[in-house]
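One structure is given below, encoded as structure tokens.
Right, dumping it as structure tokens:
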């Protein structure tokens, strides 16, 4: 599922400036490898806002597992993180819920 999601991100980002992805801790290396994006851990909204400014020229994404309780940038937390989300990919009914890829834009 992460390989498929990463391939979608790679195709969607197509930006010469590169891409940045925020994903849950356990799958960051796989996401980085398959997407070619800088992949960061989400620690809190303030740290995210600082990091997203650093990557402001890049296409930015969030990968979410909707049944996982780790800190994620999803539809319920988008306002807190100051972003708007557009769903670009979903794989349903994995063991830990749906895997969703959002493209992020600043509010």
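Residue numbers (our numbering): 1250 to 1356.
Yeah, the Cβ is synthetic: ideal placement off N, Cα and C, and Gly gets one too.
What you are looking at is a predicted structure, and each value in this text was computed from that prediction instead of being measured.
Any alpha helix (DSSP H) of 4 or more consecutive residues that is wholly inside the segment 1255-1308 = Counting only runs of 4 or more residues that sit fully inside the segment 1255-1308, the alpha helix (DSSP H) segments are 1277-1284, 1294-1303, in chain order.
ask   = Is residue 1321 near residue 1332, with beta carbons less than 7 Å apart?
value = By the CB criterion at 7 Å, residue 1321 and residue 1332 fall outside the cutoff.
query = How about residue 1310 and residue 1270: do their beta carbons lie closer than 7 Å?
reply = A contact, by the Cβ cut-off of 7 Å.
key: Proximity test, Cβ basis, 7 Å: residue 1350 and chain D   = The structure shown contains no chain D; it is built from a single protein chain.
Rounded C-alpha distance that separates residue 1334 from residue 1307 = Each residue's Cα considered, the two are about 15 Å apart.
query = Can you give the Cα-Cα distance for residue 1324 and residue 1266, rounded to whole angstroms?
reply = Spanning the two alpha carbons is a distance of roughly 26 Å.
request  = Verify the contact flag: residue 1279, CB atom, against every heavy atom of the ligand ATP, threshold strictly below 6 Å.
outcome  = Inclusion of the ligand ATP in the displayed structure is not the case, the ligand content being empty and no account of it being possible.
message = For residue 1327, report the span of its beta strand (DSSP E) as first-last.
response = No beta strand (DSSP E) contains residue 1327, which is instead part of the alpha helix (DSSP H) from 1327-1330.
key: Assigned secondary structure, residue 1349 (DSSP; H/G/I helix, E/B strand, else coil)   = Strand at residue 1349.
ask   = Can you tell which of 1300, 1283, 1273, 1275 has the C-alpha that lies nearest to the C-alpha of residue 1254?
value = If we check each option's Cα against that of residue 1254, 1283 comes out closest.
Chain-order list of residues whose beta-carbon lies under 6 Å from that of residue 1276 (same chain, five-residue window excluded) = Excluding residues within five positions, the ones whose Cβ falls inside 6 Å are 1251.
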